[in-house]
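Just add 8 to wherever you are in the sequence shown, counting from 1, and you've got the working numbering. Comments concern the structure below.
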Amino acid sequence: MSQQSKRRWPYPEVVAHRGGGTLAPENTIAGFREGVRHGYRAAECDVKLSADNVCFLLHDDTVDRTCNGKGLAAGMFMAELSRLDAGAWKGAAFAGEALPTLANVAAYCLAQGMSLNLEIKPCPRREEETGRLVAQEAAKLWAGAAVPPLLSSFEIDALRAAKAAEPALPRAFLCEEIPADWRAILEELDCVALHCDHKTLTEPLARAIKAAGYQLLCYTVNDAADARRLLDWGVDSLCTDRLDLLPAR
């Protein structure tokens, strides 16, 4: 068991995926507003670096899918990224919604009492740099906050860098299928939690992770029956797109 895993888990049972799930454009302030409107007290979002090393929210390596632009995000400065429309793809009501910086999101969520799971989502070959800078920015933005942001990533190098930069911030290893050496990974990274695809989790594995002293989060849970089953297995938190189906708790 890591030192971090001994801490109390301060995050609620349901977490809004990418801010507002399917009800608003992902990774935007409009999404977080939707989460707040549905009573959610926690959300997950994806954080990466612009070309000038500003931490901002975007899931993909390119801006093509969710913005009115094209190209690799890693090659764009924040001034250019901030001019993109990140909302119109989801509907006319969201037209003009900007790609927020991590500072924008921190200000909004702290004011609303919403805790965050920051998924470190590096652009290719920027794993260590992204882990370090996201952790440093998060530590600064949430300094003195009652509930710190939870840093998670699929990229072990990013989590190593986050740990080296800001060891006091809680970390979680993110995976689709839980690897056989999950315990060694969690111990090395001094994680509080493991986050996995709910479709790959079994009850014995869930019980083993909990017995080892770690917290467990599953994504992306969009069915009430699945949610009940996973919580019965001891899963601590569920990340969902369906804020309209899974009530905040």
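Glycine residues also receive a C-beta, built at the ideal position from the N, C-alpha and C atoms. Here the structure is a predicted model, which is why all the values come from computation and not from measurement.
When the Cα atoms are used, R191 and E136 turn out to be separated by approximately 22 Å. T109 sits buried, since 16 or more C-beta atoms from the chains shown fall within 10 Å of its C-beta. Linking L177 to G83 through their CA atoms gives a straight-line distance of about 29 Å.
Put simply, the backbone Cα of N230 is about 33 Å away from that of M86. Remark: C-beta atoms of T138 and K56 approach each other more closely than 8 Å. In this structure, the beta-carbon distance from E34 to T74 falls below 8 Å. For A96, the CB contacts under 7 Å within the same chain, skipping 5 residues up- and downstream, are N76, F102, A103 in chain order. Under the three-state reduction of DSSP output, C117 falls in the helix class. With fewer than 16 other Cβ atoms inside 10 Å of its own Cβ, A119 counts as exposed.
Only exposed fits R257, as fewer than 16 other CB atoms lie within 10 angstroms of its CB.
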